[in-house]
Amino acid sequence: MHAMQYEITLPADYDMGVIRKRVADKGHLLDAHPGLGLKAYLVRERGQGGSPVNQYAPFYLWRTAEGMNGFLWGPGFRGLSADFGRPAVHHWLGAGLVEGTRTDAPTTATRTTVRLPETADPAEALEQAVAELAQFAAFTELPARPGQSALHTAAVAVDPSRWELLTLALWHGPAPEDAPGTRYQVLHLSRPELDRLPAGRHW
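See below:
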């Protein structure tokens with residue numbers, strides 16, 4: 001499994017309706033992309049959810065490297081680069097996955113990144129991060145009432161070039177108030193091979 005994300009930060013007065021329309025018009029194009037576990041079309045809007053910026057920041061879990069490469073060298077990424085400029089693409093190696101309730105599409109997401117100190121044992125830190133995915137098990141039932149949270153999918157991954165650990169969680173309804181990290185809205189979810197990503201630890 002490979003995790004991937006790029007962030008396109010937009011002007012403070014940018015009409016985010018443009019991004020919403022773009023996703024509504026084109027989001028389905030990856031609904032059957034080979035090798036793609038999921039693509040969450042994430043946005044942040046200035047002044048909402050504590051965000052200081054407008055940002056389009058899609059997040060991917062790839063089942064195969066071939067699928068990821070096919071996207072990066074294909075027309076989809078080429079078109080995005082032509083419209084917004086070529087973004088830096090961040091890449092992590094997948095280390096663990098937790099399944100939640102997947103009958104409905106998620107509406108929010110949270111993401112944390114942690115740089116490991118030079119004195120930290122990377123193997124131990126990764127083991128702990130994967131083990132901490134178990135905390136999401138308490139949110140695997142759909143909300144009984146509005147305002148409650150339920151987990152769709154959570155994953156942990158590592159970038160060994162920077163020794164950075166990433167945790168991404170997709171949620172039905174608002175993310176839990178005590179969930180750490182950056183908060184996003186999910187405009188669309190493509191998930192052609194999500195159910196083929198094995199749960200638990202797999203790298």
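Here full-length UniProt numbering is used: the first residue of the sequence shown is 1, the next is one more, and so on.
Think of the CB as a built atom: it goes at the ideal place given N, C-alpha and C, for glycine as much as any other residue.
Task: Start and end residues, beta strand (DSSP E) containing Phe-59 - done: Counted from its first residue, the sequence shown places residue 59 at position 59. Unbroken beta strand (DSSP E) run through Phe-59: 59 to 62.
Task: Contacting residues, own chain, Cβ-Cβ under 8 Å from Pro-180 (five flanking each side not counted) - done: Here residue 180 refers to the residue found at position 180 when the sequence shown is read from its first residue. Within the same chain, Cβ atoms closer than 8 Å to the Cβ of Pro-180 are found at Thr-110 and Thr-112, the five residues on either side in sequence being excluded.
Open item on the list: Could you pull the DSSP bridge partners for Asn-69 from this structure?
Closed with: On the sequence shown, position 69 is the one that residue 69 refers to. DSSP output for Asn-69 lists no bridge partner at all.
Task: Buried/exposed call for Gln-128, threshold 16 Cβ in 10 Å - done: What you label residue 128 is simply residue 128 of the sequence shown in a count that begins at 1. Counting Cβ neighbours within 10 Å, Gln-128 comes out exposed, since fewer than 16 surround it.
Open item on the list: If I measure Cβ to Cβ from Pro-34 and keep anything under 6 Å in the same chain, skipping five residues before and after, which residues do I get?
Closed with: Here residue 34 corresponds to residue number 34 of the sequence shown, with the count starting at 1. Excluding sequence neighbours, Pro-34 sits near Gly-67.
Open item on the list: Is it buried or exposed, Gly-17, if we count other Cβ atoms within 10 angstroms and call 16 or more buried?
Closed with: Taking the sequence shown and counting its residues from 1, the one referred to as residue 17 is at position 17. In the assembly as shown, Gly-17 is an exposed residue. Its beta-carbon has fewer than 16 other beta-carbons within 10 Å.
Task: Cβ neighbour criterion (16 or more within 10 Å) applied to Ala-57 - done: Your numbering for residue 57 matches position 57 in the sequence shown. Taking a 10 Å sphere around the C-beta of Ala-57, we find 16 or more other C-beta atoms and assign the residue as buried.
- [ ] Can you grab the Cα-Cα spacing for the pair Ala-125 / Leu-116, in whole Å?
- [x] By one-based count along the sequence shown, residue 125 stands at place 125. By one-based count along the sequence shown, residue 116 stands at place 116. Cα to Cα, the separation comes out at about 8 Å.
Task: Per-residue DSSP class, three states only, for Arg-22 - done: On the sequence shown, residue 22 is found 22 positions in, with the first residue counted as 1. Note: Arg-22 maps to helix in three-state DSSP.
Task: Contacts around Pro-11, its chain only, beta-carbon distance under 6 Å, and the 5 residues preceding and following it disregarded - done: Here residue 11 corresponds to residue number 11 of the sequence shown, with the count starting at 1. The beta carbon of Pro-11 sits closer than 6 Å to none of the beta carbons in its chain outside the five residues before and after it.
TODO: Note the first and the last residue of the continuous alpha helix (DSSP H) segment covering Glu-127.
DONE: Position 127 of the sequence shown holds residue 127. From DSSP, the alpha helix (DSSP H) with Glu-127 extends over 122 to 132.
Open item on the list: I'd like the span of the beta strand (DSSP E) that includes Leu-10, first residue to last.
Closed with: Here residue 10 corresponds to residue number 10 of the sequence shown, with the count starting at 1. According to the DSSP assignment, Leu-10 belongs to the beta strand (DSSP E) that extends over 8 to 10.
- [ ] Would you mind sorting Leu-187 into buried or exposed? The rule is 16 or more other CB atoms within 10 Å of its CB.
- [x] Here residue 187 refers to the residue found at position 187 when the sequence shown is read from its first residue. When all chains shown are included, Leu-187 counts as buried.
Open item on the list: Taking 6 Å as the limit between beta carbons, can you name the residues of its chain near Leu-166, skipping five residues before and five after?
Closed with: Here the question's residue 166 lines up with position 166 in the sequence shown. Within the same chain, and ignoring the five residues on either side of Leu-166 in sequence, the residues whose Cβ sits closer than 6 Å to its Cβ are Trp-92, Thr-113 and Ala-157.
TODO: With DSSP as the reference, label Asp-178 as helix, strand or coil.
DONE: Start at 1 with the first residue of the sequence shown, and residue 178 comes out as number 178. In this structure, Asp-178 counts as coil in the three-state DSSP scheme.
- [ ] Grab me the residues of Tyr-6's own chain with a C-beta within less than 8 Å of its C-beta, minus the 5 sequence neighbours each way, in chain order.
- [x] Start at 1 with the first residue of the sequence shown, and residue 6 comes out as number 6. The residues are Ala-57, Pro-58, Pro-87, Ala-88, Val-89 and His-90.
Open item on the list: When you compare the CB positions of Gly-37 and Leu-197, do they come within less than 9 Å of one another, or not?
Closed with: The residue given as residue 37 occupies position 37 in the sequence shown. The residue given as residue 197 occupies position 197 in the sequence shown. Taking C-beta atoms as the reference points, Gly-37 and Leu-197 count as a pair closer than 9 Å.
Open item on the list: Considering only the alpha carbon of each residue, which of Tyr-60, Arg-102 and Gly-27 lies closest to Asp-195?
Closed with: Position 195 of the sequence shown, counted from the first residue, corresponds to residue 195. When each option's Cα is compared against that of Asp-195, the closest is Arg-102.
- [ ] Count the other C-beta atoms from every protein chain shown that fall within 10 angstroms of the C-beta of Ser-161, then say buried if there are 16 or more, exposed otherwise.
- [x] As a position in the sequence shown, residue 161 is number 161, starting the count at 1. So Ser-161 counts as exposed.
- [ ] Pull up the DSSP beta-bridge partners for Trp-171, would you.
- [x] For the purposes of this step, residue 171 is taken as residue 171 along the sequence shown, with counting starting at 1. DSSP, once it has assigned bridges, lists Thr-108 and Leu-151 as partnering Trp-171.
Open item on the list: If distances are taken between C-alpha atoms only, which option among Gln-185, Trp-171, Ala-32 and Leu-42 comes closest to Glu-99?
Closed with: Here the question's residue 99 lines up with position 99 in the sequence shown. Comparing alpha-carbon positions, the option among Gln-185, Trp-171, Ala-32 and Leu-42 lying closest to Glu-99 turns out to be Trp-171.
Task: Identity of the residue in Ala-169, Ile-19, Pro-122 and Ala-3 nearest Phe-136 by Cα - done: For the purposes of this step, residue 136 is taken as the residue at position 136 of the sequence shown. Ranking the options by Cα distance to Phe-136, first place goes to Ala-169.
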